[in-house]
Amino acid sequence: MDDKLAKLRSIVRGMDRVMVAYSGGVDSTFLLRVVSEEIGNRAVALTIRSPTAAEDEFADAEAMARSFGVEHLVVDSNELTIPGYAANPVNRCYLCKDNLFVVCEAEATRRGIPVVLDGVNLDDLGDYRPGLKAAEEHMVRHPLVEAELRKQEIRELSRALGLSTWDKPASPCLSSRFPYGTTITLERLSSVGNAEKVLREHGFRNCRVRFHEQVARIEVPVDDLPRLLEEPRRSEIVAALKALGFLYVTVDLQGFRSGSLNEALRPEAIVPNRDPLAS
Numbered sequence: 005m006d007d008k009l010a011k012l013r014s015i016v017r018g019m020d021r022v023m024v025a026y027s028g029g030v031d032s033t034f035l036l037r038v039v040s041e042e043i044g045n046r047a048v049a050l051t052i053r054s055p056t057a058a059e060d061e062f063a064d065a066e067a068m069a070r071s072f073g074v075e076h077l078v079v080d081s082n083e084l085t086i087p088g089y090a091a092n093p094v095n096r097c098y099l100c101k102d103n104l105f106v107v108c109e110a111e112a113t114r115r116g117i118p119v120v121l122d123g124v125n126l127d128d129l130g131d132y133r134p135g136l137k138a139a140e141e142h143m144v145r146h147p148l149v150e151a152e153l154r155k156q157e158i159r160e161l162s163r164a165l166g167l168s169t170w171d172k173p174a175s176p177c178l179s180s181r182f183p184y185g186t187t188i189t190l191e192r193l194s195s196v197g198n199a200e201k202v203l204r205e206h207g208f209r210n211c212r213v214r215f216h217e218q219v220a221r222i223e224v225p226v227d228d229l230p231r232l233l234e235e236p237r238r239s240e241i242v243a244a245l246k247a248l249g250f251l252y253v254t255v256d257l258q259g260f261r262s263g264s265l266n267e268a269l270r271p272e273a274i275v276p277n278r279d280p281l282a283s
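Position in the sequence shown counted from 1, then plus 4, gives you the working numbering.
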């Protein structure tokens, strides 16, 4: 890992001015920290503030960027205005990332910044991520991939650097809580976001509330299922989610798993992105 970190630092030092597409997650925070250390004020971070992201996620990202001493641009955007996005097609993530990189490109061009970076890591290339196509089209660089860094390595290096995000759960946009083809609205995003906030307030860091019309399907790690069903916690969670408009509150016995809604796709629709570092 030390060799990979050294390689990442070398890659970054070879750049002039950069813009980092910064979400505040584990990967982009780690990247921004290294970028800030290597090229300082030649780096600018850009974050999209959107109804598809939890508001507390934005606040954490803003505080972290401030602690690094880099300029942090915040651009308000509503993905629901992107043609086709609200219909929730299987390439929804492409539409979102394309919008992000259009914004990044415009700001980078205005400031004379030649390159946009993102926090994609090597493991991401083996998952179903339509957003990678948008990154390719906009010539976005993936320094973590170039340094051959995987997710667990990034977490361990983040911990070594003293970053509070080292054990932060993955937090994809709230639109990922809706089965493909289910219409996404501001009201529904709010319901899902607030439902997950309820679970976090009860101590469940890794959690999802999947939207199935009148049904809220809760995912927490299997080891947390007994705690979820303890009283009065169970009753309080049910009451809170019903107050948000759900008629039924269910628990997924398979437990938490990232991207569970991709299970509904036909196998041939999920084509892993080729790992360019594989032999």
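Yeah, the Cβ is synthetic: ideal placement off N, Cα and C, and Gly gets one too.
### Query
Which parts of the stretch 47-99 are runs of the beta strand (DSSP E), unbroken and 3 residues or longer, counting only runs that do not cross its ends?
The DSSP assignment places 47-53, 75-80 as complete runs of the beta strand (DSSP E) inside the stretch 47-99, in order along the chain (cut-off: 3 residues).
#### Entry: N- and C-terminal bounds of the alpha helix (DSSP H) containing A243
Here residue 243 refers to the residue found at position 239 of the sequence shown. Taken as a continuous stretch (DSSP letters only), the alpha helix (DSSP H) holding A243 covers 237-247.
### Query
Do you know how far the Cα of Y132 is from the Cα of I274?
Position 270 of the sequence shown holds residue 274. Position 128 of the sequence shown holds residue 132. Model confidence at I274 stands at a pLDDT of 43, short of 50, so the residue's coordinates are unreliable; what they give is reported in the following sentence. For I274 and Y132, the distance between alpha carbons rounds to 6 Å.
### Message
Quick check on the burial criterion: 16 or more other C-beta atoms within 10 angstroms. Buried or exposed for Y98?
### Response
One-based indexing of the sequence shown puts residue 98 at position 94. So Y98 ends up on the buried side.
### At least three beta-carbon pairs within less than 8 Å, the stretch 253-270 to the stretch 177-186
yes
#### Entry: Cutoff 6 Å; reference I188; Cβ partners in own chain excluding five residues on either side
Working through the sequence shown from its first residue, we reach residue 188 at position 184. Taken in chain order, the residues that qualify are A90, N92, S179, F182.
### Query
Going by other Cβ atoms of all chains shown within 10 Å of its Cβ, with 16 needed for buried, is A151 buried or exposed?
Position 147 of the sequence shown holds residue 151. A151 should be labelled buried.
#### Entry: When L129, G130, A10, H146 are compared against E41, the one with the closest alpha-carbon
Here residue 41 is taken as the residue at index 37 of the sequence shown, counted from 1. That would be A10, whose Cα lies nearest to the Cα of E41.
### Task
Give a yes or no on whether the C-beta atoms belonging to P134 and N95 are separated by under 8 Å.
On the sequence shown, position 130 is the one that residue 134 refers to. On the sequence shown, position 91 is the one that residue 95 refers to. For P134 and N95, yes; Cβs fall inside 8 Å.
### Query
Ordered along the chain, which non-local residues of its own chain (more than five positions away) have a Cβ less than 6 Å from that of L232?
In the sequence shown, the residue the question calls residue 232 occupies position 228. These residues qualify, in order along the chain: V224.
### Query
Three-state secondary structure (DSSP) at D254?
Residue 254 sits at position 250 when you count from the first residue of the sequence shown. Reading the sequence as shown, one finds Thr at residue 254 and not Asp. Looking at T254 - three-state DSSP - the assignment turns out to be strand.
### Task
Please list, in chain order, all residues of the same chain as M23 whose beta carbon is under 8 Å from its beta carbon, the five residues on each side excluded.
Along the sequence shown, one-based indexing puts residue 23 at 19. In chain order, A47, V48, A49, L50, C108, E111, A112, R115, I117, V119, V120, L121 place their CB closer than 8 Å to the CB of M23, counting only its own chain and leaving out the 5 sequence neighbours on each side.
### Task
Please classify F260: does DSSP put it in a helix, a strand, or coil?
What you label residue 260 is simply residue 256 of the sequence shown in a count that begins at 1. Three-state DSSP puts F260 in coil, outside helix and strand.
### Message
Once the 5 residues before and after D80 are set aside, which same chain residues still bring their CB inside 7 Å of it?
### Response
Taking the first residue of the sequence shown as 1, we reach residue 80 at position 76. Within the same chain, R53 come within 7 Å of D80 by CB-CB distance, once the 5 residues on both sides are set aside.
### For V38, the nearest candidate out of D102, G18, P55, R261 (CA to CA)
One-based indexing of the sequence shown puts residue 38 at position 34. Among D102, G18, P55, R261, the Cα nearest to that of V38 is on G18.
### Task
Compare the Cα-Cα distances from D102 to each of D256, P230, A174, A138 and report the closest residue.
Counting from 1 along the sequence shown, the entry for residue 102 is found at position 98. Residue A138 is the option with its Cα nearest to D102.
### Query
Do the stretch 190-202 and the stretch 161-169 meet, that is, are 3 or more Cβ pairs less than 8 Å apart?
no
### Task
Measure the alpha-carbon distance for Y26 versus V144 and round it to whole angstroms.
The count along the sequence shown starts at 1 and reaches residue 26 at position 22. The count along the sequence shown starts at 1 and reaches residue 144 at position 140. Rounded to the nearest angstrom, the two C-alpha atoms are 13 Å apart.
### Start and end residues, beta strand (DSSP E) containing R214
Along the sequence shown, read from residue 1 onward, the residue named residue 214 stands at position 210. Taken as a continuous stretch (DSSP letters only), the beta strand (DSSP E) holding R214 covers 212-216.
### Message
Starting from E41, trace the alpha helix (DSSP H) in both directions and tell me its first and last residue.
### Response
Working through the sequence shown from its first residue, we reach residue 41 at position 37. Looking at the DSSP string, the run of the alpha helix (DSSP H) that includes E41 is 30-43.
### Task
Indicate whether S32 and G123 have their beta-carbon atoms separated by less than 8 Å.
What you label residue 32 is simply residue 28 of the sequence shown in a count that begins at 1. What you label residue 123 is simply residue 119 of the sequence shown in a count that begins at 1. Yes. Within cutoff.
### Message
Please classify M68 as buried or exposed, where buried requires at least 16 other C-beta atoms within 10 Å of its C-beta.
### Response
Stepping through the sequence shown from its first residue, residue 68 is reached at position 64. M68 is buried by the Cβ-count criterion.
### Task
Just grab the DSSP bridge partners of K119 for me.
Counting from 1 along the sequence shown, the entry for residue 119 is found at position 115. Sequence check: residue 119 is Val here, not Lys. DSSP, once it has assigned bridges, lists V22 as partnering V119.
### Query
For P147, is the classification buried or exposed, using 16 other Cβ atoms within 10 angstroms of its Cβ as the cut-off for buried?
In the sequence shown, counting from the first residue as 1, residue 147 sits at position 143. Buried, because 16 or more other Cβ atoms sit within 10 Å of the Cβ of P147.
### Task
Kindly examine the ligand NAD and report whether one of its heavy atoms sits closer than 7 Å to the Cβ of E240.
This structure lacks the ligand NAD, and indeed carries no ligand of any kind.
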